[in-house]
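What follows is a short report on a single structure.
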Amino acid sequence: MIQLEHVTKTYPKASKPSLDDVSVSIEKGDFVFFIGPSGSGKSTMIKLLLHEVAPTAGKVYVNEKDVTTMRSWKIPSFRRSIGCVFQDFRLLPNRTAYENVAFALEVIGKSKGVARRVVPEVLELVGLGGKEHRYPHELSGGEQQRVAVARAFVNRPLILLADEPTGNLDPDTSIEIMRLLDRINRTGTTVVMVTHDSNIVNQMRRRVVEIESGHIVRDQARGVYG
Amino acid sequence: MRAKYVLSEVLTGLWRNVTMTIAMMITMAVSLTMLGASLLLYMQVDSMKTFFYGKLEVAIFLKTDVTDQQRNALRTDLTGDPLVQNVIYESRDVAWQRFKTQFKDAPDLVNATKPDSLPESFRVKLRNAEQFQSISDKYKGRDGIGEIVDQRKLLERLFGILGSIQHLALIVAIVQGLAALLLVANTIQVAAYSKRREVAVMKLVGASNWFIQAPFVLEAVFAGLVGALIAFAMLVAAKFFLIDGSLKSLANLLTPVPWRNIWLMLPLLAAVGAVVNAITGWITLRFYVRV
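As they're listed, the protein sequences go chains A and B.
Under the numbering used here, the first residue of the first sequence is numbered -2, with each subsequent residue one higher.
Under the numbering used here, the first residue of the second sequence is numbered 24, with each subsequent residue one higher.
Structure follows, in structure tokens:
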């Protein structure tokens, strides 16, 4: 499903690479944590998978497609098979929960009818039934992140990327979000999550890939943080 | 649905930044008006050239002491000349009559001129008006010939003036056009900034590039079209109030500007405004905003 082969990424002007000769393989339906201290290169991983940045060397395969050689006009349709959640939610403040999710459908050409059918369903799935017409500022942090998850999942992507999705949430809310991601993973969606929340990693007992200054130092099925 | 989405995005985009939109439209309109005026003048000078050059002739004035023999020989030569289309002889009497009617508003001038001070002449119409030099070279210095005058020379000064007005209009059009383009680029940057969150989400969920860019580009195109419409209205007003109005007295000097030419400016200016703005908008997005 996802494969990195000897990937090195050095940002311009950086003295040493963010990722240095990293190889990792993720199967369909996996749930993987990427952990490590700030600046270890975890987030670069997400950017590589989204083709937001290109690797300096090596190959990145996502959904059996070679992302490194992908033509730029193919990137939009490629991204439709990937859902994305961030620490800062990235919701549109002037749109309701419903509209935020529907927006993701409308801008890839789905009709309003499709949105009317699918959006309430997915909002129900993330536990926001009855709050469809609230604006982000009327929702708690956890609820906002649920909207973001709904938006990422509404297209039924093959892969869900989560970049520190619990970074702005309190421990209890974080657990709820993790339950949600777990539910999504059980539908067959591959989940890749970058985090440094040891609590969560220890509770979930899923595959852990630890990165330190650009190198993979541990890759463990059913691992814990420390 | 998508067309409706794009259209509503364009309108809200233009409205959000309405002062900039107006500035963009006005500069665009001024630039296109000048471009239109320049094109009309260009067409005008062209049509005047064909009109006047068709009528113009070369005047070969004869000396007062010309002999009958010289005159007849010259007439035969001119009639047989392949460069010449036709020849009319103008005697002193005819020249005097013409002089009197031409200056009938200035009796003092007529009274001061003696009938026999006007030279007799051959009025020569050339097959090709450009060939004055060869005619002049051929007959100059021949006995009995005083002066050879190309009437075209007299008009060239007028065309020169019209030509400089045309160039001036074109320069104003280019300078204003440049200002308009900078405004378009700036407007799009502002629009892209105010929609940066939407754009980020659209890119994230995989909206196609044209779908992200279309509203911005269409905003610029719309402004260009409105500018072209205003410019067209200005040209129509100029035709009404200037050409058919206060400049009416010059009508027998300047050939009339036909409505056909004015109408032609509408699609032309609209196309220029739309295409130039679209390209500017796209370049701005592609290379400066990186939407």
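No residue lacks a Cβ here, since even glycine has one placed at the ideal position from N, Cα and C.
Please read all numbers here as calculations on a predicted model, not as lab measurements.
Is it right to say residue i is buried, meaning 16 or more other beta carbons lie within 10 angstroms of its own, or is it exposed?
i, result
"A/Leu158", "buried"
"B/Phe74", "exposed"
"B/Leu205", "exposed"
"A/Leu136", "buried"
"A/Glu118", "exposed"
"B/Asp139", "exposed"
"B/Tyr311", "exposed"
"A/Ala112", "buried"
"B/Lys176", "exposed"
"B/Phe239", "buried"
"B/Glu221", "buried"
"A/Gly220", "buried"
"B/Ser269", "exposed"
"A/Gly38", "buried"
"B/Thr102", "exposed"
"A/Arg183", "exposed"
"B/Leu265", "exposed"
"B/Asn151", "exposed"
Hey, could you find the ends of the alpha helix (DSSP H) residue i is sitting in?
i, result
"A/Lys128", "Taken as a continuous stretch (DSSP letters only), A/Lys128 belongs to no alpha helix (DSSP H), as it is neither H nor E."
"B/Ile160", "According to the sequence as given, residue 160 of chain B is Asp; it is not Ile. Per DSSP, B/Asp160 belongs to the alpha helix (DSSP H) from 155 to 162."
"B/Arg220", "219 to 228"
"B/Lys271", "Per DSSP, B/Lys271 belongs to no alpha helix (DSSP H) and is neither H nor E."
"A/Lys236", "In the structure as shown, chain A begins at -2 and stops at 223. Residue 236 of chain A is therefore absent and cannot be evaluated."
"A/Val114", "As written in the sequence, residue 114 of chain A is Arg, which differs from the Val given in the question. 109 to 122 is the span of the alpha helix (DSSP H), which, as asked, contains A/Arg114."
"A/Val4", "Counting along the chain, A/Val4 falls outside any alpha helix (DSSP H), though it belongs to the beta strand (DSSP E) covering -1 to 6."
Can you give me the Cβ contacts of residue i inside the same chain, cut-off strictly under 8 Å, excluding the 5 residues immediately before and after it?
i, result
"B/Phe122", "Val133, Thr136, Leu141"
"A/His130", "Thr93, Ala94, Tyr95"
"A/Ile72", "His48"
"A/Asp216", "Val21, Arg204, Val205, Val206, Glu207"
"B/Phe182", "Val68, Met71, Lys72"
"A/Ile172", "Ile197, Gln200"
"B/Ala46", "Leu206"
Mind checking whether residue i and residue j have CB atoms under 8 Å apart?
i, j, result
"B/Ala254", "B/Val207", "no"
"A/Ala145", "A/Arg87", "yes"
"A/Thr225", "A/Ile43", "Any answer about residue 225 of chain A is impossible in this case: the structure gives chain A only from -2 up to 223."
"B/Ala203", "B/Val244", "no"
"A/Ile105", "B/Gly229", "yes"
"A/Phe31", "A/Val214", "no"
"B/Gln154", "B/Leu79", "no"
"A/Lys6", "A/Ser15", "yes"
"B/Gly250", "B/Met48", "yes"
"B/Gln236", "B/Trp305", "yes"
"A/Leu89", "A/Val151", "no"
"A/Val198", "A/Tyr222", "yes"
"A/Pro133", "A/Gln141", "yes"
"A/Gln84", "A/Asp17", "no"
"A/Val82", "A/Leu45", "no"
"A/Leu120", "A/Val98", "yes"
"B/Leu248", "B/Ser61", "no"
Could you check where the beta strand (DSSP E) with residue i kicks off and where it finishes?
i, result
"B/Leu149", "144 to 149"
"A/Glu209", "204 to 209"
"A/Leu157", "156 to 160"
"A/Asp17", "16 to 23"
"A/Phe30", "28 to 32"
"A/Arg87", "Unbroken run through A/Arg87: none, as it is neither H nor E."
"A/Lys56", "54 to 59"
"B/Asn109", "107 to 113"
"A/Arg215", "212 to 217"
"A/Thr170", "Premise fails: A/Thr170 lies in the alpha helix (DSSP H), 168 to 183, not in any beta strand (DSSP E)."
"A/Val191", "187 to 192"
"A/Ala11", "Unbroken run through A/Ala11: none, as it is neither H nor E."
"B/Phe84", "81 to 85"
Using C-beta distances below 6 Å, list every residue in its chain close to residue i, excluding the 5 sequence neighbours before and after it, in chain order.
i, result
"B/Met66", "Asn284"
"B/Val195", "Met57"
"B/Ser54", "Ala196, Gln199, Gly200, Ala203"
"B/Glu170", "Phe84"
"B/Ser159", "Ile171"
"B/Gln189", "Ser61, Leu64, Tyr65"
Quick one: what's got a C-beta closer than 7 Å to residue i's C-beta in the same chain, skipping five residues either side?
i, result
"A/Thr65", "Ala51, Pro52, Lys56, Val57"
"A/Ser195", "Tyr222, Gly223"
"A/Glu2", "Ser20, Gly55, Lys56"
"B/Thr303", "Leu204, Val207, Ala208, Ala243"
Tell me, please, whether the CB atom of residue i is closer than 8 Å to any CB atom in chain E?
i, result
"A/Pro73", "Checking the listed chains, one finds no chain E in this structure; the protein chains it contains are A and B."
Any heavy atom of the ligand ZN within a distance shorter than 7 Å of the CB on residue i?
i, result
"B/Tyr76", "By its list of ligands, the structure shown contains no ligand whatsoever, and the ligand ZN lies outside what it can speak to."
message: Beta carbons nearer than 7 Å to chain B: which residues of the region 78 to 108 of chain A have them?
response: Per Cβ criterion, the list reads Cys81, Arg87, Leu89, Phe100, Ala101, Glu103, Val104, Ile105, Gly106, Ser108.
- prompt: According to a CB-to-CB cut-off of less than 8 Å, which residues of the region 131 to 153 of chain B neighbour chain A?
  reply: Listed by position along the chain: nothing, the set is empty.
query: Just by C-beta distance, which residues in the region 193 to 226 of chain B are closer than 7 Å to chain A?
result: Taking 7 Å as the upper bound on Cβ-Cβ separation, chain A lies near residues Arg220, Glu221, Ala223, Val224, Met225 of the region 193 to 226 of chain B.
message: Counting only Cβ-Cβ distances shorter than 8 Å, please list the residues of the region 121 to 148 of chain A near chain B, keeping chain order.
response: Listed by position along the chain: Arg148.
query: Taking any Cβ of chain A, which residues in the region 230 to 261 of chain B have a Cβ under 7 Å from it, in chain order?
result: Per Cβ criterion, the list reads Ala230, Ser231, Asn232, Phe234.
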